[in-house]
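S.K.: Protein chains in written order, with my numbering: chain V, 14 to 362; chain P, 1142 to 1191; chain X, 104 to 528. Even for Gly, the Cβ is constructed at its ideal location relative to N, Cα and C.
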Amino acid sequence: MTKWKIVYYINQFFGQYGGEDVAGMGMVVRNEAIGPALNFQQSFGEQAEIVSTIICGDNYFNEHREDAENQVLKILEEYQPDMVVAGPAFSAGRYGVACGTVCALAEEKFGIPAITGMYPENPGVIMFRSKIYIIQTSNHARTMTKEITKMVSLSKKILNKQQIGNAKEEGTILRGLVRNVRCEKKGTTRAIDMLLKKVRNEPFETETPMEKFDQVEKAPAIKDLSKATIAIATDGGLYPVGNPDKMPFINSNRYAPYYIGDKEFLDGRDYCILHRGYDNEFVLESPDRLVPVDSLKMLEKEKVIGKMYPYFLSTTGLNTSLENSKIIAENMIKRLKEDGVDGVILTST
Amino acid sequence: MIAVAESVGANRIFPAASIVYPLGNPVLQRDKEREFRVSLVKKALNMLTE
Amino acid sequence: MKLKIYYIDVKDVRFGKETNFENGILTINKEEMIQKVNNECFSELEINLAYPGESCRISRVGDVIQPMLKLDNEEATFPGIIGEVTPMGEGETLKLRGIAVVETYEMPLPRNHFIDMSGPNAVFTPFSQTINIVITAKPIEGCEKMAYGDALKQTSLTVAKYLAQICKNAIPDEEEILSYNYNSEIELFDKDMNRLPRVVYIHQYLAASEQIEQTFYGKGYYTSLPMIFHPLEFFDGAMINKNFLQSMNADVSYFYQNHPMIKELLSRRGKDLNFSGVIYCHTPWALEEKKRNAMFAVQLAKNVLKADAVTITKEGGGHPQIDMQQLCYFCEKANIKTEISFFELNTTSGKYEEVLLFYDENVDAITSFGCLEKIELPPVDRVIGSTTFAGAPNPINEKGNVLNNWDIRGAMSQLGENYFKSIKY
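1. Any residues in the region 365-392 of chain X with a beta carbon nearer than 7 Å to a beta carbon of chain P? Which ones, in chain order?
2. Does the beta carbon of P:Val-1168 come closer than 8 Å to any beta carbon on chain V?
3. Would you say the region 411-429 of chain X touches the region 177-191 of chain V, given that touching needs at least three Cβ pairs under 8 Å?
4. If the criterion is Cβ atoms closer than 8 Å, does the pair X:Met-171 and X:Leu-129 meet it?
5. Output yes if chain V places a C-beta closer than 8 Å to the C-beta of P:Lys-1184; else output no.
6. Anything in chain X within Cβ reach of V:Ala-204, meaning under 7 Å, just list it in chain order.
7. Just how far apart, CA to CA, sit X:Ile-443 and V:Val-138?
8. Mind checking X:Gln-428: buried by the 16 CB within 10 Å criterion, or exposed?
9. Could you tell me which chain X residues have their CB closer than 9 Å to the CB of V:Ile-286, listed as they occur along the chain?
10. Does the beta carbon of V:Ala-180 come closer than 8 Å to any beta carbon on chain X?
11. For X:His-422, report the span of its alpha helix (DSSP H) as first-last.
12. Quick check for students: name the residue ranges of the alpha helix (DSSP H) that lie wholly in the region 97-177 of chain V, counting only runs of 4 or more.
13. Do you know whose CA, among X:Ser-146, X:Ile-499, X:Lys-271, X:Arg-298, lies nearest X:Ile-243's CA?
14. Could you check which residue in X:Ile-234, X:Lys-120, X:Tyr-304 has the C-alpha nearest to that of X:Gly-156?
15. From V:Gly-58, V:Ile-235, V:Asn-75, V:Ala-46, pick the residue whose C-alpha is nearest to that of V:Ala-36; which is it?
16. So, do the region 242-256 of chain X and the region 339-353 of chain X have three or more beta carbon pairs nearer to each other than 8 Å?
17. Taking the C-alpha atoms as reference points, what is the distance between X:Val-226 and V:Gly-189?
18. Please name the residue, chosen from X:Arg-214, X:Pro-229, X:Phe-523, X:Leu-448, that lies closest to X:Phe-358 on a Cα-to-Cα basis.
19. Checking the sheet assignment: what are the DSSP bridge partners for X:Ala-412?
20. Can you list, in chain order, the residues of its chain whose CB lies under 7 Å from that of X:Thr-490, leaving out five sequence neighbours each side?
21. If we define contact as Cβ-Cβ less than 8 Å, is V:Thr-129 a contact residue for chain C?
22. Ends of the beta strand (DSSP E) at X:Asn-507?
23. May I ask you to list the residues that DSSP assigns as paired with V:Met-321?
24. Alpha helix (DSSP H) containing V:Val-212: first to last residue?
25. Should X:Ala-341 and X:Tyr-325 be called a contact, given that it needs their Cβ atoms to be closer than 8 Å?
26. Taking the alpha helix (DSSP H) that X:Ile-243 falls in, what are its first and last residues?
27. Going by the CB atoms, is the gap between X:Gly-503 and X:Gly-321 shorter than 8 Å?
28. I need the straight-line Cα distance from V:Ile-63 to X:Arg-371, nearest angstrom please.
29. Does any CB atom of chain V fall closer than 8 Å to the CB of X:Ala-311?
30. Determine, using beta carbons only, whether V:Tyr-252 and V:Met-260 come nearer to each other than 8 Å.
31. DSSP beta-bridge partners for X:Leu-199?
32. For V:Tyr-271, decide whether its Cβ has a neighbour in chain P, counting only Cβ atoms nearer than 8 Å.
33. If contacts are defined as beta-carbon pairs under 8 Å, then X:Ala-353 and X:Gln-307 qualify, I think. What distance do you get, rounded to the angstrom?
34. What are the start and end residues of each continuous beta strand (DSSP E) run of 3 or more residues lying completely inside the region 124-186 of chain X, in chain order?
35. Less than 8 Å between CB atoms is the rule here; does V:Thr-15 satisfy it with respect to chain X?
What follows is the structure, encoded as structure tokens:
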């Protein structure tokens, strides 16, 4: 029977080399299971073998990140494990970052599945949860045995290519990801089951929970509009005819600036729209309905505003992921700040 | 999409005329529409001063 | 009102010299049928057969229709489009099972869909399991888009009706009697029924214009107020997609003809709920109109249908979520419990934080009909329809194309004909 080969990563303390005094120690590879790796081996049983335990000082890993990563890559290349396990790091921050880094490397560079365990507030969680599974642990090593059991259970599922359940079922920290699973019951049946539970005041669980978005701090008000430079940005997907910058029509991660110059208004014949989320007819007829160049030009003449920024920034806001929205915004802001813009009107469809 | 903007935490939200013509009204004559648009843009600009 | 539906199972479909239906085998004289259903808007009309298990991909799929026939009034079949406008939901209707009429579009569409008859993507759609009679029509030069769309629909519905006519004298494999009454006197005094919660279904649709996608008796209702329809009308061909030239948000006609949510509610009526009716409700663009529209829908639910609870499905993507939120707001205010269901279209990056576009404590019961996921398209031996496909860098029969599960026709149905849900992990 072939055994699964596992490479296990732990720090200087769990590797039994010492405490903070040896946190600066470099990476050591032992061809046996040590400390938590041994617990893991014993809990897993015969089907897996810890082919090596990597032990490294938490300070060394974090202060010599590049070297440490290269060493890990070499080790993984040599041992070719079926899986990598690290920690659990509980609430130890440097240890958590090290565990997360090792696991992410295994996944990204070699496609080797890797898991670790951390307390939810460990900084390693927010850095790595979207990349790897992290078992949710307590904040103290007292619960080591319990956490190892959970890690073994998850590892077995991964190695046997079984379907991984949701965070609650597996004891993992929410990765903030979503994927499909097939149910026995049809969607309509589950919908009515849920509604009736609600009607009968029985406990029910929504399949799509709601998340609160974080609050953005309000930028300070413009004191004197008549001295301000105002720019127009839009997510309505307005681009020059022919879409010269080959802007995407969906889930864009960039914007493009277009020169307005001396134009008093925007002519529909010069533009096209790449956004299927709304009926484009009205804006194509008169693009000022989306990008109000005519109005800002007039208000500039009347000295209501100081200046209209001579470019409008355009992107397509259809099915844009949150991450891409942030990227687009950061790039727009960078340009506008560099060019001394004081305020932006962002039009959205 | 104002409700969306509110939910994601935008601070200054000016209600546009419509999703399909944010600053305009195709029913009006061109020059009347321009007047209408300028008045909307003025109100939006005032939000920047608050 | 009572509707008797006869089902005939078609086990095989072939082209042959004589058109007939015998021992479960449907034989069609192709030339005869093409002559019957051709249209002056077409320069070329092809009819192809696609079988389950074949290495075949049907490309740029428009609508999928179940062959059916109003037995007691054949002229009324598919009313308002090829049939006379006549109230549906009563009498006797014939439906064929095991086969489907599939349209492909030879004109540009906002989005493209496909059906794989085998391989890893077949599992997502029921139309990999049906023998598909595929209609591919090329438009004549200078053909106007709407004219093409209408012509294609005329053809596909005529085919759907014709196929049912061929089989109409065979002994049916199954009979189903659906019955439903609004405010029946007998039911008013039914103590058992009255103990059960009154559940109303709101079918929220998204119409870009009168001539596009979902129509009821042949007309689209994009400026309408909410309306009350009879549940049985849906099973009788009253709701059909006209064309998809401006959007591809709606489910296929085949699902309307067998409306899964209404089916669910009818089957549970008298058991754990009192199904109190169907409200047909639009998705307007402007926020003020969304509020007004939702308010009217809830007034109907409350005052006319006396709802205790409401379940809502939608079409389309992001902004229709706001209408659902408005409906829930007005319902909960009127002490009506709500539940909503939809496909999570916003999850292009696979991250959970993008599923919902709003935060509202009134909306606490949401059923997931799945989320957007990338899929790989394996190469296939045969393609019906154009090999150019929006979003696919290579011809659609070759390898190397990565699309979304939502691009499979019949997959991730927002009416609930769907066994997938998304989990947060």
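M.R.: The structure says:
1. Trp-388, Ala-389, Leu-390
2. Within the second sequence, numbered from 1, the residue matching residue 1168 of chain P stands at position 27. Contact of P:Val-1168 with chain V is not assigned, every C-beta pair being separated by 8 Å or more.
3. no
4. Residue mapping note: residue 171 of chain X aligns to position 68 of the third sequence, counting from 1. Residue mapping note: residue 129 of chain X aligns to position 26 of the third sequence, counting from 1. No. Outside cutoff.
5. Position 43 of the second sequence, counting from 1, holds the residue named residue 1184 of chain P. Not one chain V Cβ lies under 8 Å of P:Lys-1184.
6. As a working mapping, residue 204 of chain V is identified with position 191 in the first sequence. Neighbours of V:Ala-204 on chain X, chain order: Thr-414, Glu-442, Ser-444, Thr-470, Gly-519.
7. Here residue 443 of chain X is taken as the residue at index 340 of the third sequence, counted from 1. Here residue 138 of chain V is taken as the residue at index 125 of the first sequence, counted from 1. Their backbone Cα atoms lie some 32 Å apart in a straight line.
8. Reading the third sequence from its first residue, position 325 is the one you call residue 428 of chain X. X:Gln-428 comes out buried.
9. On the first sequence, position 273 is the one that residue 286 of chain V refers to. Within 9 Å Cβ-Cβ: nothing; V:Ile-286 doesn't reach chain X, min ~12 Å.
10. Translated into the one-based positions of the first sequence, residue 180 of chain V becomes position 167. True, the Cβ-Cβ gap to chain X drops below 8 Å.
11. As a first step, residue 422 of chain X must be located in the third sequence, where it is residue number 319. It spans 422-436 - the alpha helix (DSSP H) in which X:His-422 sits, taken as one unbroken run.
12. Correct list: 106-118, 136-141, 157-172.
13. Mapped onto the third sequence, residue 243 of chain X falls at position 140. The candidate whose alpha carbon is nearest that of X:Ile-243 is X:Ser-146.
14. On the third sequence, position 53 is the one that residue 156 of chain X refers to. Ranking X:Ile-234, X:Lys-120, X:Tyr-304 by Cα distance to X:Gly-156 puts X:Ile-234 first.
15. Working through the first sequence from its first residue, we reach residue 36 of chain V at position 23. Selected option, being the one with the closest Cα: V:Asn-75.
16. yes
17. Taking the third sequence and counting its residues from 1, the one referred to as residue 226 of chain X is at position 123. Taking the first sequence and counting its residues from 1, the one referred to as residue 189 of chain V is at position 176. X:Val-226 and V:Gly-189 have their C-alpha atoms spaced approximately 27 Å apart.
18. Locating residue 358 of chain X in the third sequence gives position 255, where the first residue counts as 1. Of the listed residues, the one whose Cα sits closest to X:Phe-358 is X:Pro-229.
19. In the third sequence, counting from the first residue as 1, residue 412 of chain X sits at position 309. Paired residue(s): X:Val-302, X:Lys-440.
20. Numbered from its first residue, the third sequence carries residue 490 of chain X at position 387. The residues are Ser-162, Pro-498, Ile-499, Asn-500.
21. Judged by its chain identifiers, the structure shown contains no chain C, and its protein chains are V, P and X.
22. As a position in the third sequence, residue 507 of chain X is number 404, starting the count at 1. It spans 504-507 - the beta strand (DSSP E) in which X:Asn-507 sits, taken as one unbroken run.
23. For this step, residue 321 of chain V is matched to residue 308 along the first sequence. Per DSSP, V:Ile-243.
24. Within the first sequence, numbered from 1, the residue matching residue 212 of chain V stands at position 199. Unbroken alpha helix (DSSP H) run through V:Val-212: 200-212.
25. For this step, residue 341 of chain X is matched to residue 238 along the third sequence. For this step, residue 325 of chain X is matched to residue 222 along the third sequence. Taking 8 Å as the Cβ cut-off, X:Ala-341 and X:Tyr-325 do not qualify as a contacting pair.
26. Taking the first residue of the third sequence as position 1, residue 243 of chain X is located at position 140. Per DSSP, X:Ile-243 belongs to no alpha helix (DSSP H) and is neither H nor E.
27. Mapped onto the third sequence, residue 321 of chain X falls at position 218. Mapped onto the third sequence, residue 503 of chain X falls at position 400. Going by C-beta atoms, X:Gly-321 is not nearer than 8 Å to X:Gly-503.
28. By one-based count along the first sequence, residue 63 of chain V stands at place 50. By one-based count along the third sequence, residue 371 of chain X stands at place 268. Their Cα atoms are separated by approximately 55 Å.
29. Taking the first residue of the third sequence as 1, we reach residue 311 of chain X at position 208. Answer yes: the Cβ-Cβ gap between X:Ala-311 and chain V drops below 8 Å somewhere.
30. In the first sequence, the residue the question calls residue 252 of chain V occupies position 239. In the first sequence, the residue the question calls residue 260 of chain V occupies position 247. In this structure, V:Met-260 lies closer than 8 Å to V:Tyr-252 by Cβ.
31. Here the question's residue 199 of chain X lines up with position 96 in the third sequence. Note: X:Leu-199 sits in a beta bridge opposite X:Ile-111.
32. On the first sequence, position 258 is the one that residue 271 of chain V refers to. No, V:Tyr-271 does not count as interfacial toward chain P.
33. Position 250 of the third sequence holds residue 353 of chain X. Position 204 of the third sequence holds residue 307 of chain X. No, X:Ala-353 and X:Gln-307 are not in contact; Cβ-Cβ is about 11 Å, not under 8 Å.
34. 128-131, 145-153, 159-162, 164-168, 171-173
35. Position 2 of the first sequence holds residue 15 of chain V. Judged by the 8 Å Cβ criterion, V:Thr-15 is not in contact with chain X.
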